[in-house]
Amino acid sequence: MIQSKNLIVRHTHAEDIPKLIKLQKRVYPEIPPWTRAKLANQLDVFPAGQLTAECDGEVVGCASSLVVLWDDWADAHSWKEITAAGTFDNHDPEGRTLYGAEVFVAPEMRGSGLGHLLYEGRRTLCREMNLKRIIACGRLPGYHRYADEMDGEMYAKRVLWGDFHDPVLSFQLREGFRYCGVVEDYIPEDTESHGYASIIVWLNPDYKPRKPTQLEQEEVL
Ligand SMILES: CC(C)(COP(=O)(O)OP(=O)(O)OC[C@H]1O[C@@H](n2cnc3c(N)ncnc32)[C@H](O)[C@@H]1OP(=O)(O)O)[C@@H](O)C(=O)NCCC(=O)NCCS
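To get this note's numbering, take the position in the sequence shown, counting from 1, and add 227.
Structural data, given as structure tokens:
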């Protein structure tokens with residue numbers, strides 16, 4: 228559990244599901260939210276990977292992950308494909324990559340370090356499980372402002388060069404993630420990003436390649 232002032236990041240519980248759906252509707256008014264069944268499935272498939280942020284007992288954010296064999300997905304994928312349409316049925320205990328499927332913070336709570344705490348929760352999970360890295364495809368919600376002038380790749384480069392601030396990519400770079408290029412049609416309904424997303428990676432400095440991951444150990448027991 229990670230705690231800072233009155234903010235807590237902890238594992239998601241079944242009772243959080245209706246609150247997370249309500250919050251997700253506020254965060255993405257134009258993207259259909261998860262269903263209760265999908266969130267329940269995520270918890271069944273990989274409970275350790277589902278984190279919820281709480282402030283004074285209110286649910287104010289979440290970070291959801293699954294484990295994948297990255298080689299299966301590295302060429303190209305959409306959010307729907309890699310998350311098995313949000314069920315996380317693609318979670319693979321033999322994988323060594325923690326895949327960040329979703330992270331969001333209540334709009335009124337942004338800019339106060341909650342996203343950082345959720346990312347810290349993910350890094351802790353990655354270290355504790357002896358996973359090699361975290362990979363995610365991040366939305367580029369600031370892109371729509373420049374879509375008439377350049378493609379998504381040039382926009383992302385200009386964020387890297389410090390010309391533009393993107394609410395998601397700038398945050399992820401500051402969190403120590405490296406930019407690996409863009410994918411198209413990642414979430415086609417994401418009009419702000421015009422479907423673009425940037426692939427980002429964080430390498431676990433404590434990773435021990437010769438040791439099994441926690442999930443592999445659990446499979447043997
Ligand atoms: C991306 C997201 C999760 C970040 O959450 P957040 O709680 O705002 O994150 P933080 O507060 O840790 O950091 C955000 C910024 O505030 C700054 N910040 C954090 N604490 C601060 C403080 N006490 N004082 C001043 N600035 C602060 C950070 O440095 C960061 O700045 P940067 O964007 O220039 O790097 C949030 O914007 C979000 O929910 N977006 C919508 C959903 C979404 O698109 N998710 C991404 C899916 S790929």
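A virtual CB, placed ideally from N, CA and C, is assigned to each residue, including glycine. Being a predicted model, the structure only gives us computed values, none of them experimental.
Option nearest residue i by Cα separation, candidates the options
i	options	result
residue 316	377, 271, 441, 258	271
residue 430	238, 310, 237, 353	353
residue 336	282, 244, 273	282
residue 362	355, 369, 350	350
residue 410	355, 438, 301	301
residue 433	257, 338, 400, 360	360
residue 399	265, 331, 276	331
residue 418	258, 236, 341	258
residue 329	245, 356, 279	279
residue 264	241, 422, 252, 340	241
residue 254	286, 237, 356, 384	286
residue 343	308, 403, 375, 384	403
residue 393	416, 408, 377, 420	420
residue 291	284, 339, 244	244
residue 395	236, 338, 437	338
residue 416	237, 256, 326, 246	256
residue 284	389, 237, 439, 377	237
Cutoff 9 Å: residue i Cβ touching any chain C Cβ
i	result
residue 237	Of the chains in the structure shown, none is chain C; there is only one protein chain.
Residue i vs residue j beta-carbon contact at 9 Å
i	j	result
residue 358	residue 324	yes
residue 312	residue 364	no
residue 367	residue 379	yes
residue 234	residue 289	no
residue 296	residue 276	no
residue 333	residue 250	yes
residue 441	residue 355	yes
residue 273	residue 318	yes
residue 239	residue 248	no
Proximal residues to residue i (C-beta, below 7 Å), its chain only, five neighbours per side dropped
i	result
residue 446	320
residue 405	427, 428
residue 341	234, 280, 287, 288, 332
residue 435	357
residue 260	248, 251, 252
residue 385	391
residue 397	386
Same chain only: Cβ atoms within 6 Å of residue i, ignoring 5 sequence neighbours per side
i	result
residue 306	413, 414
residue 268	314
residue 382	370, 373
residue 322	294, 295, 296
residue 408	426
residue 266	244
_Whole beta strand (DSSP E) elements within the region 252-320, 3-residue minimum_ = 277-282, 285-295
Original post:
Which ranges does the alpha helix (DSSP H) cover as unbroken runs of at least 4 residues, wholly within the region 325-413, from first to last along the chain?
Top reply: 341-355, 379-387, 396-401
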